[in-house]
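> Starting off with a structure, shown below.
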Amino acid sequence: YFQVSDDFTVVADSQKVFGLNQRDDVTTGTVMYTDTVILTVGTLNTTTKSLDQSYVKAYFPFETDTAGTAGNTVFSDTKIAFSPDGSVGYISGLGYLDDATIAPYGVYSPTVIKTTDGGKTWGTQKGVNLDNLTITNHGNTLLDTMADLFPTWTIGALSTGLEHDLVVDKNGNPHIVCNVAPSSINS
Numbered sequence: 071y072f073q074v075s076d077d078f079t080v081v082a083d084s085q086k087v088f089g090l091n092q093r094d095d096v097t098t099g100t101v102m103y104t105d106t107v108i109l110t111v112g113t114l115n116t117t118t119k120s121l122d123q124s125y126v127k128a129y130f131p132f133e134t135d136t137a138g139t140a141g142n143t144v145f146s147d148t149k150i151a152f153s154p155d156g157s158v159g160y161i162s163g164l165g166y167l168d169d170a171t172i173a174p175y176g177v178y179s180p181t182v183i184k185t186t187d188g189g190k191t192w193g194t195q196k197g198v199n200l201d202n203l204t205i206t207n208h209g210n211t212l213l214d215t216m217a218d219l220f221p222t223w224t225i226g227a228l229s230t231g232l233e234h235d236l237v238v239d240k241n242g243n244p245h246i247v248c249n250v251a252p253s254s255i256n257s
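Residue numbers 71 to 257, in our numbering, belong to the letters of the sequence shown in order.
Have a look at this one:
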């Protein structure tokens, strides 16, 4: 079966095009994420005037929704970005992780995997604990500030929405932009 890529990026310095696919299994009648993303790497072939393609699989697991009825992996969005020279890249996603040090079950967290060889191999998954985000030049965490501003709210942990964006700067550092909102699920 054929699937359309979830995200694309072009790295000008290396003249490569990267497509990212969540590798959903649609053969069961429902869409099930299979814990692996597929990266399509395209290089322009000036002789044939076509795109030469290769494929790389990267392990990128998220937690299964055991409280829901479908039992699907809870995973909402993927992005891919590279440094301008194409050597350092990241794949990011939002979803449930099986790691209480990042977020409790039921909270969407940004997660990344990194490559330092232009996408040939990928490192292990690292989650972002949104509860630890601090406000620049303020010192307080975003969680504490929200609790101070809205004392009648029950705020257990911070969560994201279902969409985000990703860029990588010239130093190879990732930057994720997403909504952050309170969740009633306790850390």
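Don't be surprised by glycine CBs; every beta carbon is placed ideally from N, CA and C.
Quick check: the Cα distance between Ser124 and Gly112, rounded to an integer number of angstroms?
The residue you call residue 124 lines up with position 54 of the sequence shown. The residue you call residue 112 lines up with position 42 of the sequence shown. Looking at the two C-alpha atoms, the distance is approximately 7 Å.
> Three-state secondary structure (DSSP) at Asp239?
Here the question's residue 239 lines up with position 169 in the sequence shown. It is coil, neither helix nor strand.
> What number of angstroms, rounded off, separates the C-alpha of Thr215 from the C-alpha of Asn243?
Here residue 215 refers to the residue found at position 145 of the sequence shown. Here residue 243 refers to the residue found at position 173 of the sequence shown. Spanning the two alpha carbons is a distance of roughly 27 Å.
> In three-state terms, what does DSSP make of Ala170?
Position 100 of the sequence shown, counted from the start, is the residue given in the question as residue 170. Three-state DSSP puts Ala170 in coil, outside helix and strand.
> With a cut-off of 8 Å on the beta carbons, I'd call Phe145 and Gly163 a contact; round off their distance for me.
By 1-based counting over the sequence shown, the position of residue 145 is 75. By 1-based counting over the sequence shown, the position of residue 163 is 93. Going by Cβ atoms, the distance from Phe145 to Gly163 rounds to 6 Å, so yes, they are a contact pair.
> Going by alpha carbons, who is nearest to Val126 out of Gly189, Ile161, Tyr160?
Start at 1 with the first residue of the sequence shown, and residue 126 comes out as number 56. Among Gly189, Ile161, Tyr160, the Cα nearest to that of Val126 belongs to Gly189.
> Quick check: the Cα distance between Phe72 and Val182, rounded to an integer number of angstroms?
Here residue 72 refers to the residue found at position 2 of the sequence shown. Here residue 182 refers to the residue found at position 112 of the sequence shown. Unreliable positioning characterises Phe72 in this predicted model, as indicated by a pLDDT of 46, which lies under 50. The coordinate reading is nonetheless provided below. Their Cα atoms are separated by approximately 25 Å.
> Could you check the C-alpha separation between Thr134 and Gln195 for me, to the nearest Å?
In the sequence shown, counting from the first residue as 1, residue 134 sits at position 64. In the sequence shown, counting from the first residue as 1, residue 195 sits at position 125. One C-alpha to the other measures close to 16 Å.
> So the alpha helix (DSSP H) Ala217 belongs to, where does it begin and stop?
Residue mapping note: residue 217 aligns to position 147 of the sequence shown, counting from 1. Counting along the chain, the alpha helix (DSSP H) containing Ala217 begins and ends at 212-219.
> Taking the beta strand (DSSP E) that Pro131 falls in, what are its first and last residues?
The residue given as residue 131 occupies position 61 in the sequence shown. Segment: none, Pro131 is in no beta strand (DSSP E) and carries neither H nor E.
> Return the first residue and the last residue of the beta strand (DSSP E) that Tyr160 is part of.
Here residue 160 refers to the residue found at position 90 when the sequence shown is read from its first residue. Element bounds for Tyr160: 159-165.
> Going by DSSP in three states, Asn69 sits in which element: helix, strand or coil?
As displayed, the chain neither begins before 71 nor continues past 257, which places residue 69 out of reach and without an answer.
> Does the separation of the CB atoms of Asp147 and Pro131 fall below 8 Å?
Taking the first residue of the sequence shown as 1, we reach residue 147 at position 77. Taking the first residue of the sequence shown as 1, we reach residue 131 at position 61. No, the Cβ-Cβ distance between Asp147 and Pro131 is not below 8 Å.
> Going by beta carbon distance, what residues of the same chain come within less than 6 Å of Val87, once the five residues before and after it are set aside?
Numbered from 1 along the sequence shown, position 17 holds the residue referred to as residue 87. Answer for Val87: Val80, Gly112, listed in chain order.
> Do the CB positions of Ile172 and Gly197 come within less than 8 Å of each other?
The sequence position of residue 172 within the sequence shown is 102, counting from 1. The sequence position of residue 197 within the sequence shown is 127, counting from 1. A contact, by the Cβ cut-off of 8 Å.
> Which residue wins for smallest C-alpha separation from Pro180, given the options Thr191, Asp155, Val250?
Position 110 of the sequence shown, counting from 1, holds the residue named residue 180. The candidate whose alpha carbon is nearest that of Pro180 is Val250.
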